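Heads up: the sequence shown begins at 0 in numbering that gives the first Met the number 0, then just goes up one per residue.
All C-beta atoms, glycine included, are put in the ideal place defined by N, C-alpha and C.
On a predicted model such as this, the values are computed, not experimentally measured, just so you know.
Just below is one structure, and these are the notes that go with it.
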Amino acid sequence: MVRFAIPIVASLSFVFVAGFTLTDIPPEFKSMLPQHLHSFIGGLSESDRTILKDVAKNYDSYGSHEKVMAAIKEKSPQLAEQVEHHYQMSMDALKKLSPPAQTFMKELYQTIRKTYTEALSGRKPTPDQLKAKGEQIISKYDALPESAKGDLEKNFPYITKMLKDKDLPAKLAALPLN
Numbered sequence: 000m001v002r003f004a005i006p007i008v009a010s011l012s013f014v015f016v017a018g019f020t021l022t023d024i025p026p027e028f029k030s031m032l033p034q035h036l037h038s039f040i041g042g043l044s045e046s047d048r049t050i051l052k053d054v055a056k057n058y059d060s061y062g063s064h065e066k067v068m069a070a071i072k073e074k075s076p077q078l079a080e081q082v083e084h085h086y087q088m089s090m091d092a093l094k095k096l097s098p099p100a101q102t103f104m105k106e107l108y109q110t111i112r113k114t115y116t117e118a119l120s121g122r123k124p125t126p127d128q129l130k131a132k133g134e135q136i137i138s139k140y141d142a143l144p145e146s147a148k149g150d151l152e153k154n155f156p157y158i159t160k161m162l163k164d165k166d167l168p169a170k171l172a173a174l175p176l177n
């Protein structure tokens, strides 16, 4: 469900790769994933995906990253260690961004997280809604100062590649939702 979220959300909070295998990710998005995410997603067991999906469904009730991690750790200490490792990699990259780029990424994260958790709760977005979200995201990216775009390119090249794709809204609208 909401497969477009994987490259973006996985780079920010690995809780949200729940329920996916590499074969679920459309090729145009899979090619944008860095190798460490291929390895992480490809190595998730069905049990791991179930744990992550359960935590993602209840994300808003936890209130903090620490509580999210505690919920994962309670069910699988090994999975929590992997999630924390990838989360830290992303947070380190986020800290390198200029304030406008950080703000953009945080807003992007909130948009994707909200869309994903709503979808998990049964409120799946329509193709038109996905297309509109894609257009909004690209508009916000296009409005960034060139220096902020450079920061994003350097620290999140796979996300930047997606954001530069003017066909992204149409690709999002065409995704099969299941």
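Legend entry - Nearest neighbour of Val67, chosen from Gln34, Val54, Pro76 [CA to CA]: Of the listed residues, the one whose Cα sits closest to Val67 is Val54.
Legend entry - Length-filtered (4 minimum) alpha helix (DSSP H) runs lying within the segment 90-140: For the segment 90-140, whole alpha helix (DSSP H) runs of length 4 or above, ordered along the chain, are 98-119.
Inset, instruction - Kindly indicate the opening and closing residues of the alpha helix (DSSP H) around Asn154. - result: According to the DSSP assignment, Asn154 belongs to the alpha helix (DSSP H) that extends over 145-154.
Legend entry - Backbone CA spacing between Leu171 and Tyr157 [nearest angstrom]: When rounded, the distance between both Cα atoms is 16 angstroms.
Inset, instruction - Whole angstroms is fine: what's the gap from His84's alpha carbon to His64's? - result: The straight-line gap from Cα to Cα measures roughly 13 angstroms.
Legend entry - Euclidean distance between Cα positions of Ser120 and Lys56: Answer to the nearest angstrom: the Cα atoms are 7 angstroms apart.
Legend entry - Which listed residue (Pro168, Phe155, Asp166, Lys165) has its alpha carbon closest to that of Ala92: Among Pro168, Phe155, Asp166, Lys165, the Cα nearest to that of Ala92 is on Phe155.
Inset, instruction - Please classify Pro124: is it buried, with 16 or more other beta-carbons within 10 angstroms of its beta-carbon, or exposed? - result: By the neighbour-count rule (16 or more Cβ atoms within 10 Å), Pro124 is buried.
Legend entry - Cβ-based burial, Arg122 [other Cβ within 10 Å; buried from 16]: Residue environment analysis places Arg122 among the exposed positions, since fewer than 16 neighbouring C-beta atoms fall within 10 angstroms of its C-beta.
Inset, instruction - Return yes when the Cβ of Thr116 is within less than 8 angstroms of the Cβ of Tyr58, no when it is not. - result: In this structure, the beta-carbon distance from Tyr58 to Thr116 falls below 8 angstroms.
Inset, instruction - Between the Cα of Gln101 and those of Leu151, Leu162, Ile50, Asp127, spot the shortest distance and give me the residue it belongs to. - result: If we check each option's Cα against that of Gln101, Leu151 comes out closest.
Legend entry - Nearest-angstrom Cα separation, counted from Ser46 out to Val82: Using only the alpha carbons, I get a separation of about 14 angstroms.
Inset, instruction - Select from Pro126, Leu143, Leu162 the residue whose C-alpha is nearest the C-alpha of Ala173. - result: Closest by alpha carbon: Pro126.
Inset, instruction - Consult DSSP for Gly42 and reduce its assignment to one of helix, strand or coil. - result: Residue state for Gly42 is assigned as coil, using DSSP reduced to three classes.
Inset, instruction - Might you give, ordered along the chain, the residues of its own chain that have their beta carbon closer than 8 angstroms to the beta carbon of Phe103, omitting 5 neighbours on each side? - result: Cβ-Cβ distances below 8 angstroms link Phe103 to Lys139, Tyr140, Leu143, Ala147, Leu151 in the same chain, with the five nearest sequence neighbours on each side left out; the list follows chain order.
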